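Under this note's numbering, think of the first position of the sequence shown as -8, with each following residue one higher.
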Amino acid sequence: MKKVILTGDRPTGKLHLGHYVGSLRRRVELQNAGDYEKMFVFMADVQALTDNADNPEKIRQNIIEVALDYLSAGLDPEKCIIFIQSHIPELAELTTYLMNLITVSRVERNPTVKTEIKMRNFEANIPLGFFCYPVSQAADITLFKADIVPAGEDQKPMLEITRELVRRFNSTYGEVLVEPDIMLPENETARRLPGTDGKEKMSKSLGNCIYLSDDADTVWQKVRSMFTDPNHLNVSDPGTVEGNAVFTYLDAFSKDEHFAKYLPEYQNLDEMKDHYRRGGLGDMKCKKLLNSILNEMLEPIRQRRHELQQDIPEIYNILRRGTEKARETAAKTMDEVRNAMKINYFEDKELINQQAEYFKNLQ
Ligand code: TRP
């Protein structure tokens, strides 16, 4: 049977290379392979508000940025349904029912939620909406009966909770919801791209990002000042490639044909790494190669973004149409959910007739 694929992003900022290698590139490939029944990609603005309740303006401004990033990276509204979470009221409805099927202590054990509580200093006072977001995320996934969720390692605990909730729902009310599987990024570097400063993760709050929308000059500024091997002071010194962000990026982005094109003295990245380790290869040369590779990849994305930016109202139309389409699926699943839970009072003729009989007989 063909699969339903679904993923989402919190619209809290422009998308960067970490998003691209970690998920966006994969989504575009999946979309173009076409081997699915439906594909949904959505902006999780409701989830973004769970820790930005006092700053809806930030979310409001970033919906368009993320939409532009999606479309310029190659997501095609003819092939996948792009929608906005807050405009699917069925999500709130399903979340409410799922909340009855899970305990507070189960959510407390979710390691991603634990880390986020610490990071946001929520320890003493956790907003309830934030605390419940894993359940709301389970609704995101199950309302569309997704069986495949391409996402990063940090989303594993959310998928576990989702699967438990599906089993709980189906055994309590009947088989309606579908147990999803996570689809992790294919390799190690794609799972966690470090920042340009070599820190563990590329992240807006650390200010170490290269954005998909950065122009060529900005990319070069950022690449030129990238973290390498702090002990590699002279070109002739032997260097280390492990933990050297330039080489980690080359791992993530370079292909053999890039060497033929930009640096023909090496056949491939392995030869270049060997030279760096031996000594005699300078950081600048590595950075120039990386810059060429990144620009080759980003230039078509930039150009599409530039074109798309000329008609912003049309981008909102695309989002509105996607949201309308998503609501059709949402309404269908919610009907099934209400039927299974037997809270479909108005449609349940048998219930009405039985009770009519019962109350008539009382007299
Ligand atoms: N939690 C995800 C993130 O922070 C966003 C998200 C919300 C999501 N709902 C989802 C991802 C459903 C996959 C499926 O990036």
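For every residue, glycine included, the Cβ atom is placed at its ideal position computed from N, Cα and C.
Since the structure is predicted, the reported quantities are computational estimates derived from the model, not experimental observations.
Proximity below 9 angstroms, CB of residue i to CB of residue j
i           : j           : result
residue 13  : residue 130 : no
residue -1  : residue 38  : yes
residue 249 : residue 272 : no
residue 21  : residue -4  : yes
residue 203 : residue 60  : yes
residue 292 : residue 63  : yes
residue 147 : residue 175 : yes
residue 267 : residue 238 : yes
residue 85  : residue 324 : yes
residue 120 : residue 40  : yes
Range covered by the beta strand (DSSP E) that runs through residue i
i           : result
residue -1  : -5 to 0
residue 29  : 29 to 34
residue 141 : 139 to 141
residue 60  : Not the beta strand (DSSP E): residue 60 falls in the alpha helix (DSSP H), residues 47 to 64.
residue 172 : 172 to 174
Close Cβ partners of residue i (< 6 angstroms) along its chain, the five nearest in sequence each way excluded
i           : result
residue 231 : 220
residue 283 : 253
residue -8  : none
residue 103 : 145 and 148
residue 138 : -6, -5, 169 and 171
residue 195 : 4
Extent of the continuous alpha helix (DSSP H) run through residue i
i           : result
residue 148 : 147 to 164
residue 328 : 303 to 332
residue 108 : 102 to 110
residue 44  : Careful: residue 44 lies outside any alpha helix (DSSP H) and carries neither H nor E.
residue 286 : 274 to 299
residue 14  : No alpha helix (DSSP H) holds residue 14; DSSP gives it neither H nor E.
residue 256 : From DSSP, residue 256 is part of no alpha helix (DSSP H); its letter is neither H nor E.
residue 345 : 340 to 353
residue 237 : 236 to 244
Same chain, Cβ closer than 8 angstroms to residue i, neighbours up to 5 away in sequence not counted
i           : result
residue 317 : 31, 33, 72, 74, 79 and 135
residue 92  : 156, 159, 160 and 163
Nearest to residue i (by Cα), restricted to the options the options
i           : options               : result
residue 288 : 333, 303 and 241      : 241
residue 167 : 158, 120 and 106      : 158
residue 236 : 247, 256, 225 and 264 : 264
residue 23  : 67, 302 and 152       : 67
residue 211 : 94, 275 and 331       : 275
Quiz item: What are the complete beta strand (DSSP E) segments, minimum 3 residues, inside the segment 67 to 92?
Solution: 72 to 75
Quiz item: Enumerated in chain order, which unbroken segments of the beta strand (DSSP E) with a length of 3 residues or greater are wholly contained in the segment 193 to 223?
Solution: None, since the segment 193 to 223 contains no complete beta strand (DSSP E) of that length.
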